[in-house]
Amino acid sequence: MKNKVSVAVVICLLFSAITIYAAESNNIMTLSKEEVINLAFKNNAEIVKLEKDLEIAKEKLVEAKASFYPKVDLSSSYTRLGEAPVTPDFTTNPFSMKEGSPNSYSFQLGLQYPLYMGGQIRIGYEQAQKDVEMAELNLKQKQHQLREEVLTQYYNILQAKKMVELSKQNINKIERYVEIAQANKEVGIFTNTEVLQARINLIRGQQGLLKAENGLKLAKLALKNTLSLEDNVILELNDELNWQEVQLTEEEVKEYAFANRIEFKLLDLTEDKLELGLDAVKGSKYPTISLASSYSTQSDKLEIGDGDWNVTLMLNYELFDGGIKKSKIKQTEKELEKFQIDKKQARDGIELEIKQSLLKLSEAKKSIELMKLSLEESKKNLNDTELKYQEGIITSFDVLNAQTTLQEVQTDYYQAIYDYNLAVVNLERVMAKVID
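Mind the numbering: the sequence shown is residues -22 to -1, 1 to 414 in mature numbering (1 follows the signal peptide of the UniProt record, and there is no 0), read in order.
(1) Jot down the residue ranges of each uninterrupted alpha helix (DSSP H) in the stretch 233 to 302, minimum 4 residues, whole runs only, in chain order.
(2) Apart from the five residues just before and just after I395, which ones in its own chain have a Cβ nearer than 7 Å to its Cβ?
(3) Is the stretch 132 to 143 in contact with the stretch 183 to 193, if contact means three or more CB pairs nearer than 8 Å?
(4) Apply the 10 Å Cβ neighbour rule to R58 and answer buried if 16 or more other Cβ atoms are within range, or exposed otherwise.
(5) Just reading off the alpha helix (DSSP H) that K108 is part of, what are its end residues?
(6) Report the three-state DSSP secondary structure of A410 (helix, strand or coil).
(7) Would you check if the stretch 205 to 215 and the stretch 2 to 17 touch, i.e. whether three or more CB-CB distances between them fall below 8 Å?
(8) Let me confirm a value: I152 is counted as buried when at least 16 other C-beta atoms fall within 10 Å, else exposed. Which label applies?
(9) Is it buried or exposed for D376, if we count other Cβ within 10 angstroms and need 16 for buried?
(10) Mind checking who T57 pairs with in its DSSP beta bridge?
(11) L384: which of S374, V402, N359 sits nearest, CA to CA?
(12) Please confirm if the stretch 240 to 260 is in contact with the stretch 96 to 113, defined as three or more CB-CB distances below 8 Å between the two stretches.
(13) Can you name the residues that DSSP bridges to P92?
(14) Please state if the CB of S268 and the CB of P92 are separated by a distance shorter than 9 Å.
(15) For K198, count the other beta carbons within 10 Å of its own beta carbon; 16 or more makes it buried, fewer makes it exposed. Which is it?
(16) Helix, strand or coil: how does DSSP classify L188 here?
(17) Along the chain, where does the beta strand (DSSP E) containing E214 start, and where does it finish?
(18) By how many angstroms is the C-alpha of Q175 removed from the C-alpha of I167?
(19) Where does V142 land, buried or exposed, given buried means 16+ other C-beta within 10 angstroms?
(20) Does the contact criterion of 3 or more C-beta pairs under 8 Å hold for the stretch 224 to 237 versus the stretch 294 to 312?
In structure tokens, the structure reads:
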């Protein structure tokens, strides 16, 4: 009976473990670089708000376009009197009182049409068009910024993964050193001190692994937060930390950036809006002409009979405003002059960004090349040291020192690759172009 119960318990535990594993597997989300970017664009709150701003700007453009058309309004009413009205009838002799209808129907149709408004309607429409273009560019600009942010977090994870991998390799090496130290101690080559030193370094390596694993967890949490993923989602990236050389000259980068940077396009649109504002102020000096027409009828029956109509042509002209318009024109002209300074500052700032980005790229590339040479030398040095250690010629301190040197060089090597990838991401934002 006890055996049957034990078997049942084991089966239940296995079933629970399988269920938990399946649940965890269902929550694993493995993403590529492009999938990470697309998910960030889809879930980011700022992106969603800018998309709404674009929709609002498009609706305002529809509203501005409607100003070109005439406005037609219709009104109708029905009134029922408590008592029918009585009016004298002078067609009879002597006259008599005639009872009217208690019903009263009225109908009115009006039309208003601006014939000339000093260009204000056209200017308003063109400004609304510029607002749509600016909303589109603001959305793209935020996407470029978010792309740089999310790719930085993406490479943080890849770097953290590599640090975990190196820490595990380091522990495997040190565990082997502990075994060698123990074996050499048993044959009298090493003392307890060498064995203790090897074990202490193993503990340090395990602490380093714990730190690296926590760094990986934090890096994943940061990206999950940016992507608005649920807490129970297990995020994995199907990529490794590597690099691909980018070959671009400063002139090529400048030429593309100055032609495609969103900041320049936004500045051009802002300048266009200022010029339209100046046109609007100048146009307000001119008279406005509008047309109005109406037709109305009233009867005791539900019918549209002969009614009254009128057509009105209206002209409005402000003869004197105390110099307000003249002052507004000067203000707008000064704003345009000030804006030219802003454009030059923006161009200088972007040119500086380009130089900084290319310098970072060049620095990271040289670091990779130098660290690659150091890596080869460190590996060779460790191999030679391990052979001497196995033979008992040197102590654990020497071999652990060689292993530590290799780990430091490996860390610097992958740090240089990480820096290079971030420099590429930054250059892509500076150029407003994805580098293949």
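Each residue gets a CB set at the ideal place from its N, CA and C atoms; glycine is no exception. All values reported here derive from a predicted model rather than from experimental measurement.
This is what the structure holds:
(1) 240 to 261
(2) The sequence position of residue 395 within the sequence shown is 417, counting from 1. Same-chain partners within the cutoff: L219, N220, W221, I346.
(3) yes
(4) Locating residue 58 in the sequence shown gives position 80, where the first residue counts as 1. Classification of R58: exposed, given that the 10 Å Cβ count is below 16.
(5) In the sequence shown, residue 108 corresponds to position 130, counting from 1. Start and end: 98 to 164.
(6) Along the sequence shown, read from residue 1 onward, the residue named residue 410 stands at position 432. Looking at A410 - three-state DSSP - the assignment turns out to be coil, as it is neither helix nor strand.
(7) yes
(8) The sequence position of residue 152 within the sequence shown is 174, counting from 1. It counts as buried.
(9) Against the sequence shown, residue 376 aligns to sequence position 398. Burial call: exposed.
(10) On the sequence shown, position 79 is the one that residue 57 refers to. Bridge partners of T57: S82.
(11) What you label residue 384 is simply residue 406 of the sequence shown in a count that begins at 1. Of the listed residues, the one whose Cα sits closest to L384 is N359.
(12) yes
(13) Here residue 92 refers to the residue found at position 114 of the sequence shown. Answer is S268.
(14) Numbered from 1 along the sequence shown, position 114 holds the residue referred to as residue 92. Numbered from 1 along the sequence shown, position 290 holds the residue referred to as residue 268. Their beta carbons are under 9 Å apart, which means P92 touches S268 by this criterion.
(15) Working through the sequence shown from its first residue, we reach residue 198 at position 220. It is buried - the Cβ of K198 has at least 16 other Cβ atoms within 10 Å.
(16) Working through the sequence shown from its first residue, we reach residue 188 at position 210. If DSSP states are grouped into helix, strand and coil, L188 belongs with the helices.
(17) Counted from its first residue, the sequence shown places residue 214 at position 236. E214 -> beta strand (DSSP E) spans 212 to 215.
(18) Counting from one through the sequence shown, the residue named residue 167 turns up at place 189. Counting from one through the sequence shown, the residue named residue 175 turns up at place 197. The straight-line gap from Cα to Cα measures roughly 15 Å.
(19) Residue mapping note: residue 142 aligns to position 164 of the sequence shown, counting from 1. The residue is buried, with at least 16 neighbouring Cβ atoms inside 10 Å.
(20) no
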